[in-house]
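>
Protein chains: 2
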Amino acid sequence: MSKEIASREQDYSQWYNDLIIKGGLADYSAVRGCMVIKPYGYALWENMRDQLDRMFKETGHQNAYFPLLVPKSLFEAEEKNAEGFAKECAVVTHYRLKTDPDNKGKLMVDPEAKLEEELVIRPTSEAIIWNTYKGWIQSYRDLPILINQWANVVRWEMRTRLFLRTAEFLWQEGHTAHATKTEAVDETVQMLNIYAEFAETYMAMPVIKGVKTANERFAGAEDTYCIEALMQDGKALQAGTSHFLGQNFAKAFDVKFSDKENKLDYVWATSWGVSTRLIGALVMAHSDDEGLILPPKLAPIQVVIVPIYKGDEQKQQIDEKVKALMAQLKAAGVSVKYDDNDNNRPGWKFAEYEMKGVPVRVAIGARDLEKNVVELARRDTREKMTVSMDGLDKTIIALLDEIQTAIYAKANSFRAERITEANNWEEFVKLLDGKGGFISAHWDGTPATEDKIKELTKATIRCIPLNNKQEAGKCILTGNASTQRVLFARAY
Amino acid sequence: MSKEIASREQDYSQWYNDLIIKGGLADYSAVRGCMVIKPYGYALWENMRDQLDRMFKETGHQNAYFPLLVPKSLFEAEEKNAEGFAKECAVVTHYRLKTDPDNKGKLMVDPEAKLEEELVIRPTSEAIIWNTYKGWIQSYRDLPILINQWANVVRWEMRTRLFLRTAEFLWQEGHTAHATKTEAVDETVQMLNIYAEFAETYMAMPVIKGVKTANERFAGAEDTYCIEALMQDGKALQAGTSHFLGQNFAKAFDVKFSDKENKLDYVWATSWGVSTRLIGALVMAHSDDEGLILPPKLAPIQVVIVPIYKGDEQKQQIDEKVKALMAQLKAAGVSVKYDDNDNNRPGWKFAEYEMKGVPVRVAIGARDLEKNVVELARRDTREKMTVSMDGLDKTIIALLDEIQTAIYAKANSFRAERITEANNWEEFVKLLDGKGGFISAHWDGTPATEDKIKELTKATIRCIPLNNKQEAGKCILTGNASTQRVLFARAY
Chain A
313 MSKEIASREQ
323 DYSQWYNDLI
333 IKGGLADYSA
343 VRGCMVIKPY
353 GYALWENMRD
363 QLDRMFKETG
373 HQNAYFPLLV
383 PKSLFEAEEK
393 NAEGFAKECA
403 VVTHYRLKTD
413 PDNKGKLMVD
423 PEAKLEEELV
433 IRPTSEAIIW
443 NTYKGWIQSY
453 RDLPILINQW
463 ANVVRWEMRT
473 RLFLRTAEFL
483 WQEGHTAHAT
493 KTEAVDETVQ
503 MLNIYAEFAE
513 TYMAMPVIKG
523 VKTANERFAG
533 AEDTYCIEAL
543 MQDGKALQAG
553 TSHFLGQNFA
563 KAFDVKFSDK
573 ENKLDYVWAT
583 SWGVSTRLIG
593 ALVMAHSDDE
603 GLILPPKLAP
613 IQVVIVPIYK
623 GDEQKQQIDE
633 KVKALMAQLK
643 AAGVSVKYDD
653 NDNNRPGWKF
663 AEYEMKGVPV
673 RVAIGARDLE
683 KNVVELARRD
693 TREKMTVSMD
703 GLDKTIIALL
713 DEIQTAIYAK
723 ANSFRAERIT
733 EANNWEEFVK
743 LLDGKGGFIS
753 AHWDGTPATE
763 DKIKELTKAT
773 IRCIPLNNKQ
783 EAGKCILTGN
793 ASTQRVLFAR
803 AY
Chain B
313 MSKEIASREQ
323 DYSQWYNDLI
333 IKGGLADYSA
343 VRGCMVIKPY
353 GYALWENMRD
363 QLDRMFKETG
373 HQNAYFPLLV
383 PKSLFEAEEK
393 NAEGFAKECA
403 VVTHYRLKTD
413 PDNKGKLMVD
423 PEAKLEEELV
433 IRPTSEAIIW
443 NTYKGWIQSY
453 RDLPILINQW
463 ANVVRWEMRT
473 RLFLRTAEFL
483 WQEGHTAHAT
493 KTEAVDETVQ
503 MLNIYAEFAE
513 TYMAMPVIKG
523 VKTANERFAG
533 AEDTYCIEAL
543 MQDGKALQAG
553 TSHFLGQNFA
563 KAFDVKFSDK
573 ENKLDYVWAT
583 SWGVSTRLIG
593 ALVMAHSDDE
603 GLILPPKLAP
613 IQVVIVPIYK
623 GDEQKQQIDE
633 KVKALMAQLK
643 AAGVSVKYDD
653 NDNNRPGWKF
663 AEYEMKGVPV
673 RVAIGARDLE
683 KNVVELARRD
693 TREKMTVSMD
703 GLDKTIIALL
713 DEIQTAIYAK
723 ANSFRAERIT
733 EANNWEEFVK
743 LLDGKGGFIS
753 AHWDGTPATE
763 DKIKELTKAT
773 IRCIPLNNKQ
783 EAGKCILTGN
793 ASTQRVLFAR
803 AY
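Residue numbers (the numbering used here), protein chains in the order written: chain A, 313 to 804; chain B, 313 to 804.
1. Is the Cβ of residue 744 of chain B closer than 8 Å to any Cβ of chain A?
2. Would you decide whether residue 460 of chain A is buried or exposed? Buried here means 16 or more other CB atoms lie within 10 Å of its CB.
3. Closer than 7 Å by C-beta to residue 704 of chain A: which residues in its own chain qualify, once you throw out the five before and the five after it? Chain order, please.
4. Pull the bridge partners of residue 537 of chain A from the DSSP assignment, please.
5. Report yes if the C-beta distance between residue 649 of chain A and residue 613 of chain A is below 8 Å; otherwise report no.
6. Measure the beta-carbon distance from residue 557 of chain A to residue 568 of chain A and round it to whole angstroms, keeping in mind my assumption that it falls under 8 Å.
7. Using a Cβ-Cβ cutoff of less than 6 Å, which residues in the same chain neighbour residue 408 of chain B once the five nearest sequence positions on both sides are dropped?
8. Thinking just about the alpha-carbon of each residue, which of B:783, B:448 and B:590 is nearest to the one in residue 508 of chain B?
9. Counting contacts by CB-CB distance shorter than 8 Å, is residue 433 of chain B in contact with chain A?
10. Could you check whether the Cβ of residue 417 of chain B sits closer than 8 Å to any Cβ belonging to chain D?
11. On the DSSP bridge list, what partners appear for residue 786 of chain A?
12. In its own chain, which residues sit with a C-beta less than 7 Å from the C-beta of residue 360 of chain A, not counting the 5 before and 5 after it?
13. How many angstroms separate the CA atom of residue 313 of chain B from the CA atom of residue 579 of chain A?
14. Does the pairing of the region 623-633 of chain A with the region 509-522 of chain A give three or more beta-carbon distances under 8 Å?
15. Less than 8 Å between CB atoms is the rule here; does residue 391 of chain A satisfy it with respect to chain B?
16. Between the C-alpha atoms of residue 616 of chain A and residue 544 of chain A, what's the straight-line distance to the nearest angstrom?
17. Roughly how many angstroms separate the alpha carbons of residue 417 of chain A and residue 385 of chain B, rounded to a whole number?
18. Measuring only between beta-carbons, confirm whether residue 436 of chain A sits less than 8 Å from chain B.
19. Give, in chain order, every residue of the region 455-473 of chain B whose Cβ lies closer than 8 Å to some Cβ of chain A.
20. Taking contact to mean at least 3 C-beta pairs separated by less than 8 Å, is the region 741-757 of chain A in contact with the region 784-793 of chain A?
21. Say whether chain B places a C-beta atom closer than 8 Å to the C-beta of residue 366 of chain A.
22. Assuming residue 444 of chain A is part of the alpha helix (DSSP H), what are its boundary residues?
23. Please list, in chain order, all residues of the same chain as residue 605 of chain B whose beta carbon is under 6 Å from its beta carbon, the five residues on each side excluded.
24. Given a threshold of 16 other Cβ atoms within 10 Å of its Cβ, counted over all protein chains shown, does residue 697 of chain A qualify as buried or as exposed?
25. What residues of chain B sit near residue 354 of chain A, judged by a beta carbon separation below 8 Å?
26. Who are the near neighbours of residue 329 of chain B in its chain, counting only those whose CB is closer than 7 Å to its CB and skipping five residues on each side?
27. Determine the direct distance from the alpha carbon of residue 383 of chain B to that of residue 431 of chain B, and round the result to whole angstroms.
28. Beta carbons nearer than 8 Å to chain A: which residues of the region 504-529 of chain B have them?
29. Please report whether the beta-carbon of residue 555 of chain B lies at a distance below 8 Å from any beta-carbon of chain A.
30. Let me know if residue 316 of chain B comes out buried or exposed under the rule of 16 or more other beta-carbons within 10 Å of its beta-carbon.
31. Checking 8 Å against the spacing of the C-beta atoms, do residue 532 of chain B and residue 438 of chain B come in under that value?
32. In angstroms with no decimal places, state the Cα-to-Cα distance between residue 388 of chain B and residue 345 of chain A.
33. Please give the ranges of any beta strand (DSSP E) in the region 562-609 of chain B, keeping only runs that are unbroken, at least 3 residues long and fully inside the region.
34. With 16 as the cutoff for other CB atoms within 10 Å, does residue 493 of chain A come out buried or exposed?
35. Within the 8 Å Cβ cut-off, does residue 487 of chain B reach chain A?
36. Helix or strand or just coil, what does DSSP make of residue 486 of chain A?
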């Protein structure tokens, strides 16, 4: 192996960090809690972004861009939202540095360049956007507004982890405005479905769609819909949220419209987002102790070709075959890399691309050429197979599809085994400390009970699944009456 | 006309603002000097970004992402760079807000959450990137590093204008690291050529490639290469810069590599960028008193189709024809919009899409259908023509190409008339106050003379053109000896 990584069993958390760093996805930075997204990680993000962007545009959304900085007076207008994010806000107070008279070559904040009003770096953009929408909306003819923004945001988190929780992260945030409540709720659900489809079809990561309890709701929302995924250590991860904001922001920013009957009403709102956190989820959902396992539909490099040869003549023969194969694969839209760098030996390359999670590896040797075959290795199962060079492009494309399906199936059966019912406190705690995963249990519906359970076990209610079965039961903690089971888990 | 805009002659500056606002490209925001990029403007930026991104990737560059915030101690490490940007830095000093005890519902900066070290919002990323590269570079095998970043930056400008100069703007910044000076200089020139090709081929905007004088150089660069464009009011606009940074940042951040002979040396650097400012340039290069004129290769909507009908039956007949045409155009990669919104009359739509600069308008009436013709209108010349429906997709595609060529030719001949030689001070001032444009004149090569000319006339040296002809002459201000003419202009 070219690089050593911790095993999952040994140290799950270290394993994750090793994958991110040694897989070349990201690096630590000189700024507390902020990371550098390296080219390989950014290429993965571009693939995710481009696919989501297509799905947003197909459903009528347009991109726009709003300011990074939010004046404090706007930020505090929607009280619950402000309260929810106030503790994590990076605040700009000055607009100039000057030479430090006491320290040659050093700079200091110029006290004369203090802002009259402080500016907050957006932790989320509802405030600045709804303040803008106010100027854009007069009549029902101006609605709906279906806008998305790709941007960076800053939330001053105390405990950070690469991709999963960083002070600055990249995301998209949709912000829509509607004439009716029904339309806004429909939009909220539509976007949840898009996130779920993206997670399952592209990330090969099964998710549960549900609604958050009041405790876990987005600050300023009436309802937060979410998709929840399960990681290999049995912990849940919230992978995307879609918020029905009611008329809260319209009221805070006084955004009214006149309807067809010329009656004034507040506008209805939604917002929805996914972030670079998805990369963390993707890594933890599929990878193994040899490195990353990336789904073919998102992998920056889908196929790597490694030549095995002695001398220039063999190399030239292989080059010729590879050139033709690459042209075929590229024409089919497959991302392929030919690694003929002769500074590294084939074995080193094999380990390197396993670490990087490249779905299919093609090894072509001089002897293979004579037999008209190559060796294919699939990353997910690490199976190797000798296949004919005839129709090789089609064999590879079929294999990419097979891998996409297989890793979804594997993650899905892993999860299926880890949604378990608990019918009393003892069972609940035992499951949590044992196999983990989602625990389906009765809860009396009160925030106080939810808080108490979290305090005792660190488990939270991940969601109330959509179309949840209604059944009478008793709360696992209080024994009070309950009308439905909800999903508990420890979570990222 | 649906919306009134100032004419260029009347008030050039107001004309520009009207185009941006009424053309739907951007809006003012609640944050001093920051703008909202509206969907139509952002779609234009996406087209520019995607094309540039392709050109960067074709030349071996990869995207990555570095932190928004730069610790002051890193920022000040390269002294000239720090000095150049210190006066425009937004500074984060605190990381938390709290409830204001004296103002119910209001927030205040939490004095207990003061950062130990202030963070600067990146005005440019050399500091944070070279601090990172230090960890990535040990040997010549780690070079070159060819990285680009698409990001937002903040420069606290006192006088701002939509797109042309805003406190926050979007841009790309390439940052490359090389083993030799030659390689770094070649990279700098390569990127300048890419910018020039983009400006001319896609923006249809002729540019002059040149080198900046010491006065106008990027803070921290050894040489700044630039492309300079000419606006319709005779003022120049710097449209892109590519910097050869020498070993300045490598020295500031102690980034050394061992070469093939195992000898340690500092790494050579370049950086290069273009920004949303290009949108301002694009608008001013081509538009007229009726609104925007956008080049077909970048226009978010290349073709708009407007139906002219009475009653449902006529509408249905038109719809059918349009559906077929749109399918053909889309298959050819043409971006087409069918505006059959019946809230607006055709005349209103015509004016609206002229304002928005859509290159080709197709009007289809019921009577046209009988004659198997449609009316095409091209935005640049406002010419109308009646053409056959047979092969209409091909007619339209050819017309788009023709418009792209025509607006470049127009801008090019406008500029050709406005590069004028001045041989003494009187001629120089007369030209500046008269037809404007680039003035080619002798300069004695000293920063002091350049400063003095700027002070007297507001004109600056835009560049020393690449491959500039060497000829003996006398400086227009001092009469001192000069070896070449340089290009002066008043500029944005």
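All residues carry an ideal CB built from backbone N, CA and C; glycine is no exception.
So, from the listed chains and residues:
1. Put simply, the CB of residue 744 of chain B is far from chain A, with every gap to its CB atoms at 8 Å or more.
2. With 16 or more Cβ atoms within 10 Å of its Cβ, residue 460 of chain A is classed as buried.
3. Result list for residue 704 of chain A: 637 and 686, in chain order.
4. Listed as beta-bridge partners of residue 537 of chain A by DSSP are A:523 and A:554.
5. Yes, they are a contact pair.
6. At roughly 15 Å, the Cβ-Cβ gap does not stay under 8 Å, so residue 557 of chain A and residue 568 of chain A are not in contact.
7. Around residue 408 of chain B: 422 and 425.
8. Residue B:590 is the option with its Cα nearest to residue 508 of chain B.
9. The C-beta of residue 433 of chain B comes closer than 8 Å to at least one C-beta of chain A.
10. Although the question refers to chain D, the structure presented lacks it and instead comprises the protein chains A and B.
11. Bridge partners of residue 786 of chain A: A:793.
12. These residues qualify, in order along the chain: 590 and 610.
13. Annotation note: pLDDT 43 at residue 313 of chain B (below 50); position unreliable, no value reported.
14. Judged by pairs of C-beta atoms under 8 Å, the region 623-633 of chain A does not touch the region 509-522 of chain A, as fewer than three such pairs exist.
15. The beta carbon of residue 391 of chain A sits closer than 8 Å to some beta carbon of chain B.
16. Spanning the two alpha carbons is a distance of roughly 27 Å.
17. Taking the straight line joining both Cα atoms gives about 11 Å.
18. No - not a single Cβ of chain B is within 8 Å of the one on residue 436 of chain A.
19. When CB distances to chain A are screened at a threshold of 8 Å, the residues of the region 455-473 of chain B falling below it are 459, 463, 464, 466 and 468, in chain order.
20. Touching, per the Cβ criterion.
21. Under the 8 Å criterion on CB atoms, residue 366 of chain A is classed as non-interfacial with respect to chain B.
22. Segment 438-448, the alpha helix (DSSP H) holding residue 444 of chain A.
23. Closer than 6 Å at the Cβ level, and outside the excluded window around residue 605 of chain B, lie 598, 599, 669, 691 and 692.
24. Classification of residue 697 of chain A: exposed, given that the 10 Å Cβ count is below 16.
25. Chain B residues near residue 354 of chain A: 374, 375, 376 and 377.
26. So the qualifying residues of the chain are 474.
27. In this structure, the straight-line span from the alpha carbon of residue 431 of chain B to that of residue 383 of chain B is close to 4 Å.
28. Within the region 504-529 of chain B, no residue has a Cβ that lies closer than 8 Å to any Cβ of chain A.
29. It does not; no Cβ of chain A falls within 8 Å.
30. The residue is exposed, with fewer than 16 neighbouring Cβ atoms inside 10 Å.
31. Yes, the pair counts as a contact, with Cβ atoms nearer than the cut-off.
32. Rounded to the nearest whole angstrom, the C-alpha separation of residue 388 of chain B and residue 345 of chain A is 21 Å.
33. Those beta strand (DSSP E) runs which fall completely within the region 562-609 of chain B and span 3+ residues are 568-570, 576-578 and 580-587.
34. Result: exposed.
35. Closer than 8 Å: no.
36. Three-state result, residue 486 of chain A: strand.
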